[in-house]
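Visitor:
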Amino acid sequence: MKKNAIIVVLAVAVSVASAREYYVSVDGNDQHKGTATKPLRTISAAARSARPGDVITVHEGVYRERINPIRGGKSDKKRIVYQAAPGEKVIIKGSEVIKNWQKVQNDTWKVSIPNSFFGDFNPYSDLIHGDWFNPKGRDHHTGAVYLKGHWLTEAAKMEDVLKPVGNTPLWFGRAEETKTTIWAQFKDVNPNDAEVEINVRRTVFYPDKPGINYITVRGFKMMHAATPWAPPTAEQIGLIGTHWSKGWIIEDNDIRYSTCVGITLGKHGDQWDNTSQNTATGYVETIERALKKGWSKENIGHHIVRNNHIAHCEQAGIVGSMGPVFCTVTGNEIHDIHIRRLFTGAEMAGIKFHAAIDTVISNNHIYRTCRGIWLDWMTQGTRVTRNLLHDNHGSQDLFVEVNHGPFLIEHNIFLSPRSLLDWSQGGAYVHNLFAGQIVHRPELRRETPFHPPHSTKVAGLRNIQGGDDRFYNNIFVNHNGLATYDKAAQPMHMAGNVFLKGAQPSKHEQNPIVRSEFDPDIKLVEKSDGMYLEITLEKVRGQQQCQVITTKLLGKAKIPNLGYEQPDGSSYCIDTDYFNRKRNADNPFPGPFEHTEGGRQVLKVWPVVTLK
């Protein structure tokens, strides 16, 4: 026994001793060993050497490269960590600086680049395409041109870029047999004297191979990637992405300017990519193939995406099809997503997930997107909590599409003109503030999967009759409230809801609080330290008895016949508010906040601060 114990101790000691830290610096050399005094020049060189348990620390500077990790860690405690040196600004770009521009006319310049410059990938011959993509009758390339870090807009036609500059500077590219020519508008700027960059790499941090597990990426600014369209039926390549793997942590990064997607927690690639013909049947077949390729709780997902700043992506901030299972997405600021709207499709949002099984989406700030959060298919065991969404114009703060539940939407602040589009059933909406329109409709044409508890296995397929939802202790302001559910096909469960400033209750709720004349005068104010919500609510105090919401009270979602429980299988007791303050156990206040004071309230709602 003693001999065996000694062997175990020695094995652990050897494992700890073998873990090492690699250093990277813009003043380094890839022939070095990667020590603190002899750092490497590229992150890619460190990636080729790193083994499970190792740390790669990158010093300040701009690194123009694509990191393709060839191996990952072995477990959560023995991962490979990529990190910016503490307190240092490390930027990784998928672009290169371009000089030798020649004046053409007006404010238009051009440059010709040999195709050898691009290697085996030329973004200016690479068209955006794929399932559920609509180009609006024109071509779109994954390439981009940047002036001082911010992108210009691709012109539809050559003649457009030759005109005088309008409100939005344009560029146009033409790839020929041996060279690529780019025309671009630079108003009152000589591009040879400014920082002008163009996309040359498809991604910034993404493994070519699936199954590269347990990687941490921390503290970088990553930008400028020629990413492809990322539908649920194809390999999903983002500026940074996990590529059908397990256990990544992507945290404290600044991610921006991706042609399509910022972060992908995505599907693997195969010969059936983009062949679904935009059909539900095609996606069901994709799911069946994924199950054969190891889609399970043991192999896929369990990623953490936290405290990142994601902006300027024209498809989505975060996307995942079947990869975002058993994940946590928290503390992220996501904005300016799909705001140029040169193309359209069915995959654009701040967060767009297919199969967010047992995933928690919490404490995110999502604004200026086409749609805030879009949960599409297989939203089961999912929890969406304590998110702030506003100024998401054109669509909704939240879209739940063809899901059977159970899923929980609680303590969110929905301030856009349209709060919720509900094409699902089996959802529970608890202690939210809805300041916009709510739309409910069935979806009888598509049959979509439901699952055993905490599993990716398919238990069956059903269409969406609509209804079987729960609305407890919410506040509705303006617009239609819950009247949209009056004709729901399945029973609805409603109690403790408050309807203000014209919002209408549903006939399914017996004792709603309706104060049509009362205006809570909601304002969201940006200050130097965050976002503040101004709201008045004292007139609704004590006018109805509310209950603390629990797993027992919520019952079971009808189609899967499953209760509302946490990802670890434990029961819910929703007894704390948006700020994690304890609620009144006898009569909790409706809405996100446990309201204890009269008069006008000014509440800091982002970043979220836990109050007592």
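Quick note: the sequence shown uses our numbering, first residue 9, plus one each step.
Beta carbons: idealized from backbone N, C-alpha and C, even for Gly.
Go through the region 228 to 262 residue by residue and report every complete run of the beta strand (DSSP E) that reaches 3 residues or more, in order.
Guide: As far as the region 228 to 262 is concerned, its whole beta strand (DSSP E) runs of at least 3 residues are 229 to 233 and 257 to 259.
Visitor: Do you know whose CA, among H401, I88 and A436, lies nearest T393's CA?
Guide: With distances taken between Cα atoms, T393 lies closest to A436.
Visitor: Over what stretch of residues does the beta strand (DSSP E) that includes R146 continue unbroken?
Guide: Unbroken run through R146: none, as it is neither H nor E.
Visitor: Identify, in the order they occur along the chain, each residue of the same chain with its Cβ nearer than 8 angstroms to the Cβ of R348, setting aside the five sequence neighbours on each side.
Guide: If we look at R348 and ignore the five residues flanking it on each side, its Cβ neighbours are T161 and E322.
Visitor: Buried or exposed for K10, going by 16 or more other Cβ atoms inside 10 Å?
Guide: Here the model assigns K10 a pLDDT of 49, short of 50, so the residue's position is not dependable and the matter cannot be decided.
Visitor: For the alpha helix (DSSP H) that V169 lies in, which residues bound it at each end?
Guide: M166 to V169 is the span of the alpha helix (DSSP H), which, as asked, contains V169.
Visitor: For a quick check, are the C-beta atoms of T241 and D134 less than 7 angstroms apart?
Guide: Cβ distance not < 7 angstroms, so T241 and D134 don't count as in contact.
Visitor: Are three or more beta carbon pairs between the region 356 to 369 and the region 385 to 402 nearer than 8 angstroms?
Guide: Output reads yes: the region 385 to 402 touches the region 356 to 369.
Visitor: Can you tell me where the beta strand (DSSP E) with Y375 in it begins and where it stops?
Guide: Note, Y375: beta strand (DSSP E), H373 to T377.
Visitor: In terms of alpha-carbon separation, which member of G599, S578, P575 and G577 lies closest to Y586?
Guide: Closest option to Y586, Cα to Cα, is G599.
Visitor: Measuring straight from C-alpha to C-alpha, what distance separates V20 and W159?
Guide: Low confidence applies here, because V20 scores a pLDDT of 45, under 50, leaving its location unreliable; read the following figure in that light. Distance between the alpha carbons of V20 and W159: 50 angstroms.
Visitor: Can you find the residues in the same chain that come closer than 6 angstroms, C-beta to C-beta, to D529, ignoring five residues on each side of it along the sequence?
Guide: Taken in chain order, the residues that qualify are T544.
Visitor: How do the region 76 to 87 and the region 37 to 50 stand: do at least 3 beta-carbon pairs fall below 8 angstroms, yes or no?
Guide: No contact exists between the region 76 to 87 and the region 37 to 50.
Visitor: Would you mind listing the beta strand (DSSP E) stretches within the region 355 to 413 that are 3+ residues and don't spill past its ends, in chain order?
Guide: The qualifying runs are 357 to 362, 368 to 370, 373 to 377, 381 to 384, 391 to 393, 396 to 398 and 406 to 409.
Visitor: Compute the Euclidean distance between the alpha carbons of V70 and S57, then round it to the nearest angstrom.
Guide: Those two C-alpha atoms are separated by around 21 angstroms.
Visitor: Could you tell me whether the Cβ atoms of S424 and D405 are closer together than 7 angstroms?
Guide: Contact flag set, yes.
Visitor: Taking all protein chains shown into account, do 16 or more other C-beta atoms lie within 10 angstroms of the C-beta of I179, making it buried, or fewer, making it exposed?
Guide: Note that residue 179 is Trp in the sequence shown here, rather than Ile. When all chains shown are included, W179 counts as buried.
Visitor: Near V368, which residues of its chain fall below 6 angstroms by C-beta distance, leaving aside the five closest residues on each side in sequence?
Guide: Answer for V368: T336 and R391, listed in chain order.
Visitor: What is the DSSP secondary structure of G444, reduced to helix, strand or coil?
Guide: Note: G444 maps to coil in three-state DSSP.
Visitor: Under the rule that 16 or more other beta-carbon atoms within 10 Å means buried, what is N142, buried or exposed?
Guide: N142 should be labelled exposed.
Visitor: Assuming Y222 and S83 make a contact with CB atoms under 8 angstroms, what is their CB distance in whole Å?
Guide: Y222 to S83, Cβ: 6 angstroms. Contact.
Visitor: Around the C-beta of S103, are 16 or more other C-beta atoms found within 10 angstroms, so that it is buried, or is it exposed?
Guide: S103 should be labelled buried.
Visitor: Helix, strand or coil for N622, going by three-state DSSP, please let me know.
Guide: The first residue shown for the chain is 9 and the last is 620, placing residue 622 beyond what the model contains.
Visitor: If you follow the beta strand (DSSP E) that V63 is part of, which residue opens it and which one closes it?
Guide: Here the beta strand (DSSP E) through V63 covers V63 to V66.
Visitor: Hey, how far is the Cα of H1 from the Cα of G434?
Guide: The chain is shown only over 9 to 620; residue 1 falls outside these bounds and no answer can be derived.
Visitor: For the candidate residues I417, V466, S124 and F422, whose alpha-carbon lies nearest to that of Q445?
Guide: Ranking I417, V466, S124 and F422 by Cα distance to Q445 puts F422 first.
Visitor: Quick one: complete beta strand (DSSP E) runs, 3+ long, within the region 117 to 141?
Guide: If we require 3 residues or more, the region 117 to 141 turns out to have no beta strand (DSSP E) run fully inside it.
Visitor: Apart from the five residues just before and just after D38, which ones in its own chain have a Cβ nearer than 8 angstroms to its Cβ?
Guide: Hits under 8 angstroms: L48, R49, T50 and A53.
Visitor: Can you tell me which residues form a DSSP beta bridge with N198?
Guide: DSSP, once it has assigned bridges, lists no residue as partnering N198.
Visitor: In three-state DSSP terms, what is V90?
Guide: The residue asked about is misnamed: residue 90 is Tyr in this sequence, not Val. Here Y90 sits in strand by DSSP.
Visitor: Do the region 492 to 503 and the region 323 to 333 make contact, defined as three or more Cβ pairs closer than 8 angstroms?
Guide: Output reads no: the region 323 to 333 does not touch the region 492 to 503.
Visitor: What beta strand (DSSP E) runs, 3 residues minimum, are completely inside the region 297 to 341?
Guide: You should have 312 to 314, 317 to 321, 324 to 329 and 336 to 338.
Visitor: Using 10 angstroms around the beta-carbon of K118, count the other beta-carbons present and answer buried if the total reaches 16, otherwise exposed.
Guide: Flag for K118 reads buried.
Visitor: Expressed to the nearest angstrom, what Euclidean distance is found between the alpha-carbon atoms of H346 and D594?
Guide: About 45 angstroms.
Visitor: At what residues does the alpha helix (DSSP H) containing R28 begin and finish?
Guide: Careful: R28 lies outside any alpha helix (DSSP H) and carries neither H nor E.
Visitor: Grab the span of the alpha helix (DSSP H) containing T559 for me, first residue to last.
Guide: It spans T559 to L562 - the alpha helix (DSSP H) in which T559 sits, taken as one unbroken run.
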